[in-house]
Structures are given as structure tokens and as C-alpha cells.
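Numbering (my numbering), first residue to last: 151 to 426.
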């Protein structure tokens, strides 16, 4: 397979769930005993041995130069952003806005662009893993400070996850890639919808497609602020049942229950393995 960024031979696979985030939340492993984790894909559960597990890596679709040297600033911007989300969860949920100057300081314009490029990186890897073409505008923007693109990103609060009470108790993962046929008259004009999620935060990707729902303001690395929308994927019956389980857990001291799949496009996630 070729690297989708530069077309050299691919010799590395990007993490679907970033290793640094798992280490931040759950340590460097091994994930055993009270710290045991499960990887869930299409309803099948497997034990996650540690944050470097191949279960949460894409097949080789990047070369080492692109996955390491070229994208290092993207990875650092991602790490800083999610550290901010972890440390300011209550404030973000209450205000429903993130100010990039609070995350990155005076360098927020450059760093939010690098964050966007990280999202492009993982989006491109997911497309490649499905044998789908990575649009040329996404490849091109990785080397630019200013760019035009058909990829819109939105951020939303998954209100069903708030009952779990903290990032370490919530699932994190990637969603199912949805796509629609290309317009034969326009090169690469294929529409995609995808998502990644972390705790209460749902990040939705819309390529050549307008957002369909109250999922927040559109962001293309072009604003100091991102305004969060919301979603409640559980039915009223599921929500009532789940809240009752969480109350039972709080009273008994046993481990948290497994929530229903949190994302409209959910397919893979990691979570604590012990449950009701």
C-alpha cells in the first residue's frame, strides 16, 4: 500500500484512538485487573492489552516520514487540545464554547490549523482503510498555512454521556464511515460523514456534505472560537434505564454499566471492561 499523503511506500499505521490520549486517561498499561479495557467493534468485545495495541491501529497507510516528521506539529496540537478538554470539562459543558486562545495562547491561529490537520490525517487514514480515495484538497492543505477545503468539522456535547461523570468513565472511539456516490462530472466529488468521540465530546466530519442536525457551528480552522451543538442518541427508554443503572452503581460501589453506542456513526470504541 502507498502512503496516502505522499504516495511513497506505506510502512506505518496511525492510531485510531490516539495512544497519548489513552496514556493520559488510563496509564501506559498493561490494562489488567481494575484497569482492564475492552475494544468493541461491531458488537464484538476483545481485551485491550495497552495503548499501543494493534487493535486500535489502522493498517499501514502512511510512510514513516509523513506519520512522524511531517505530522508531529499536528499530533502536538491534538494532545494540547484534548488535555484542555479533560481539564476543563465542566466549563466546556456549561458554556458550550471553546476559545482556542485559552487552549493555545497567542499561537492559537497556527495551532488550531495544526489541530485541523491532525483531524484531516486521521480522516484520511480511515478513508484509506476502507479503500476510499482521499480527496486531493485534503492532501494539498497539509502543506499550506491557508487553504480551501470541502471538509467541515463540527463539535457537539453528547448529553447522554454526562451522567457517567468524567472522561475516565466514558467511551472513546471512532464512528462508521458513511459515503455517497461521486458526481461523475467532478473529480473526487464524493460525500462523506464520519465521527470520532471522546467522553462527552462528539466531533463530526462532513466532506462535501452539509451537517444534518444541531451538531454545532462549522469549523475549518478559521475561527478563534468553536460553538458546540448537542446530541442525545439514546431513546427516552434507553436513557431512563441507563440512568437507573448509573444510580445503582453509585449506591453499591460496583463498576459502571456500559452505555449504548454514543455516536450516530459508531463502530469502534474503547472503554473500561467491568460493568453491571
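Ideal Cβ positions, reconstructed from N, Cα and C, are used throughout, including at glycine.
On a predicted model such as this, the values are computed, not experimentally measured, just so you know.
I'd like the span of the alpha helix (DSSP H) that includes residue i, first residue to last.
i, result
"residue 270", "258-279"
"residue 254", "250-254"
"residue 313", "That residue, residue 313, is in no alpha helix (DSSP H); it is neither H nor E in DSSP."
"residue 353", "Unbroken run through residue 353 is the beta strand (DSSP E), 351-357; no alpha helix (DSSP H)."
"residue 381", "No alpha helix (DSSP H) holds residue 381; the beta strand (DSSP E) holding it covers 379-381."
Give me the residue from the options with the minimum Cα distance to residue i.
i, options, result
"residue 233", "375, 376, 175", "175"
"residue 240", "271, 180, 307", "307"
"residue 390", "353, 224, 222, 311", "311"
"residue 380", "189, 305, 182, 159", "305"
"residue 430", "257, 352, 173, 183", "Residue coverage of the chain in this structure runs from 151 to 426, which leaves residue 430 outside it and unanswerable."
"residue 178", "191, 166, 198", "198"
"residue 154", "185, 292, 261, 362", "292"
"residue 206", "366, 296, 163", "163"
"residue 395", "186, 313, 203, 196", "313"
Taking the straight line between their C-alpha atoms, what separation do you get for residue i and residue j?
i, j, result
"residue 156", "residue 216", "8 Å"
"residue 369", "residue 193", "32 Å"
"residue 372", "residue 200", "36 Å"
"residue 236", "residue 168", "15 Å"
"residue 398", "residue 388", "15 Å"
"residue 350", "residue 383", "12 Å"
"residue 160", "residue 275", "11 Å"
"residue 188", "residue 322", "11 Å"
"residue 170", "residue 231", "12 Å"
"residue 173", "residue 281", "30 Å"
"residue 212", "residue 165", "11 Å"
"residue 158", "residue 210", "12 Å"
"residue 191", "residue 344", "16 Å"
"residue 152", "residue 225", "21 Å"
"residue 329", "residue 360", "13 Å"
"residue 289", "residue 346", "20 Å"
"residue 259", "residue 238", "20 Å"
"residue 327", "residue 385", "23 Å"
"residue 245", "residue 214", "40 Å"
"residue 264", "residue 342", "22 Å"
"residue 357", "residue 309", "25 Å"
"residue 180", "residue 204", "14 Å"
"residue 257", "residue 182", "40 Å"
"residue 262", "residue 243", "20 Å"
"residue 303", "residue 247", "15 Å"
"residue 339", "residue 186", "43 Å"
"residue 196", "residue 331", "33 Å"
"residue 255", "residue 392", "39 Å"
Roughly how far, in whole angstroms, is the beta-carbon of residue i from the beta-carbon of residue j, given that I think they are within contact range, below 8 Å?
i, j, result
"residue 301", "residue 355", "7 Å"
"residue 268", "residue 208", "About 14 Å; that fails the 8 Å criterion."
"residue 278", "residue 284", "6 Å"
"residue 287", "residue 298", "7 Å"
"residue 378", "residue 363", "Not really, about 13 Å apart at Cβ, beyond 8 Å."
In the DSSP assignment, find the beta strand (DSSP E) that holds residue i and state where it starts and stops.
i, result
"residue 167", "Element bounds for residue 167: n/a, residue is neither H nor E."
"residue 343", "341-348"
"residue 242", "It is not in any beta strand (DSSP E) - residue 242 instead sits in the alpha helix (DSSP H) that spans 239-245."
"residue 486", "In this structure the chain extends from 151 to 426, so residue 486 is not present and cannot be described."
"residue 291", "Note, residue 291: premise wrong, no beta strand (DSSP E); alpha helix (DSSP H) at 286-291."
"residue 200", "Segment: none, residue 200 is in no beta strand (DSSP E) and carries neither H nor E."
"residue 301", "301-308"
"residue 464", "This structure leaves residue 464 out entirely; the chain is present only between 151 and 426."
Q) Taking three-plus beta-carbon pairs below 8 Å as touching, is the segment 240-258 in contact with the segment 373-388? A) In short, these stretches touch, since the Cβ pair count reaches three.
Q: Count the C-beta pairs between the segment 261-279 and the segment 219-226 that are closer than 8 Å, then say yes if the count reaches three, no if not.
A: yes
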